[in-house]
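Here the structure comes first, spelled out in structure tokens, and everything after it is commentary.
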Amino acid sequence: MPGKLVSAGLLLWVLLSSFGAAADDMLNAKTKANYVFNFTKFVEWPALMNDTLHVCIVGAEPIVNLLSELASRDTKGHLLQIWSGIDDPQICQILYIDHDAPELQSLIQQVRGNQILTVSDAEGFAGRGGCIGFYSENGQIKLEINPDAVRRAQLKVNALLMEIARIVR
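No gaps in the numbering here: position 30 of the sequence shown is 33 in the numbering used here, and each next residue is one more.
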């Protein structure tokens with residue numbers, strides 16, 4: 004009987020641990036989606052030709068789904084169009100690339116110098132030339148911004164966003 008109790012306890016622990024990890028992953032996805040959504044309010048695209056902001060997400064379906072739910076909210080007068088994956092990254096104003104996406108580096112090179120806010124949760128992303136990177140600190144998702152990359156992209160980031168971010172070069 005004690006062996007069955009240990010096995011049942013172990014099974015319960017494994018199930019709860021995996022549930023906790025899944026809940027953490029969903030919370031992280033929600034946090035990242037909210038940040039990306041709010042970037043539409045704190046970043047200016049000087050040459051935006053119409054009222055539509057194209058947000059392209061590569062390799063992060065939960066973020067696509069969450070952003071699709073947020074797309075109808077106010078974004079300083081812009082309509083949001085959410086794309087899952089992309090054939091032509093030049094259509095994007097925001098390009099979010101998941102840390103696991105194999106095309107991460109090639110996409111950054113393709114859009115370099117264009118008015119595209121590049122965002123990723125890949126480790127050291129902003130330090131490697133991306134505009135905004137997510138990193139985890141004490142269980143919280145935080146931002147790092149590379150002002151040189153933002154300048155190369157000809158974008159303007161609101162000072163309030165700069166204040167809450169770690170600056171990297």
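For every residue, glycine included, the Cβ atom is placed at its ideal position computed from N, Cα and C.
In the DSSP assignment, residue 97 falls within the beta strand (DSSP E) that extends over 97-100. Looking only at 155, 143, 51, 36, the smallest Cα-Cα distance to residue 132 is reached by 155.
In the three-state reduction of the DSSP assignment, residue 137 falls in the strand class.
DSSP places residue 169 within a strand segment (E or B) once states are collapsed to three. By alpha-carbon distance to residue 35, the top candidate from 136, 169, 159 is 136. Sorting 102, 109, 114 by C-alpha distance to the C-alpha of residue 96 places 114 at the top. Residue 32 has its alpha-carbon roughly 9 Å from the corresponding atom of residue 64. By alpha-carbon distance to residue 145, the top candidate from 121, 170, 162 is 170.
Leaving aside the five residues that flank residue 47 on each side, the residues in its chain whose CB is nearer than 7 Å to its CB run, in chain order, 158, 159.
Collapsing the DSSP output to three states places residue 75 in coil. Contact between residue 54 and residue 82 is confirmed by a C-beta separation of about 6 Å, below the 8 Å threshold.
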